[in-house]
């Protein structure tokens, strides 16, 4: 039995608590409670490093939904293709980025596929299921799927669920791997063509 990458030897991490500058004005406080220090402490005990909200997740949230006065070029909403958004998030962890995406895309036709190791998927399902239940709006469709690095079967299963549609975005925030570049390039070959690749 291999080592669990979410519980490296001598794991000693604490919840991210200094993110007040990144709190959203448009999301309910219920959203922030789902990912606050208390929720992270519980998730870290159960899921190791996957249970912590990492710093880049808040930078990614800011990119996805910038506060007034912020401008990104190109902005996340800028698209060159018609049709629904089909977004794949790699290494979703707590699901904070996917929750932001789901909230932002409310009422639009789209699909957000959030992925992580199979043992982390229950955390994603818990956080995202209650998030969508709170909103009461099933759109865009959010799917939680296992995707271990280098697992061809996981990738092919996700590819099959796209029913011939192409991804519009691959989003990565705080990926923990020594092979991130190779993994990302492999994902691009598994899911061509992807119009936008966002790495934070």
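Residue numbers (this note's numbering): 4 to 203.
We treat Cβ as the ideally placed atom computed from N, Cα and C, and that holds for glycine.
Item, Value
"Residue 119 and residue 87 closer than 8 Å at C-beta", "no"
"Residue 146 versus residue 115: straight-line alpha-carbon distance, rounded", "6 Å"
"Identity of the residue in 108, 14, 148 and 67 nearest residue 127 by Cα", "148"
"Beta-carbon spacing of residue 237, residue 103 below 8 Å", "A question about residue 237 goes unanswered here, because the residues of the chain that appear run from 4 up to 203."
"Candidates 100, 123, 66 and 99, of which the one nearest residue 10 by Cα", "123"
"Separation of residue 51 from residue 12, as counted between CA atoms", "11 Å"
"Member of 170, 53 and 39 whose CA lies at the smallest distance from the CA of residue 7", "53"
"Among 91, 99 and 48, nearest to residue 61 - alpha-carbon criterion", "99"
"For residue 172, the first and last residue of its enclosing beta strand (DSSP E)", "172 to 175"
"Candidates 56, 49, 45 and 36: closest to residue 19 by CA position", "56"
"Local conformation of residue 16 per DSSP, three classes", "coil"
"Closest residue to residue 70 among 125, 107, 161 and 39 (Cα-Cα distance)", "107"
"Residue range of the unbroken beta strand (DSSP E) whose run includes residue 65", "No beta strand (DSSP E) contains residue 65, which is instead part of the alpha helix (DSSP H) from 58 to 67."
"Alpha-carbon to alpha-carbon, residue 199 and residue 172", "5 Å"
"Alpha-carbon spacing of residue 176 relative to residue 68, whole angstroms", "15 Å"
"Contact check, residue 78 vs residue 92, beta carbons under 8 Å", "no"
"Residues near residue 165 in its chain [Cβ-Cβ closer than 7 Å; skip 5 each side]", "89"
"Helix, strand or coil at residue 11 [DSSP, three-state]", "coil"
"Residue 144: first and last residue of the uninterrupted beta strand (DSSP E) it sits in", "144 to 149"
"Limits of the beta strand (DSSP E) - the one that residue 167 falls within", "Note, residue 167: premise wrong, no beta strand (DSSP E); not H, not E."
"Rounded C-alpha distance that separates residue 38 from residue 97", "8 Å"
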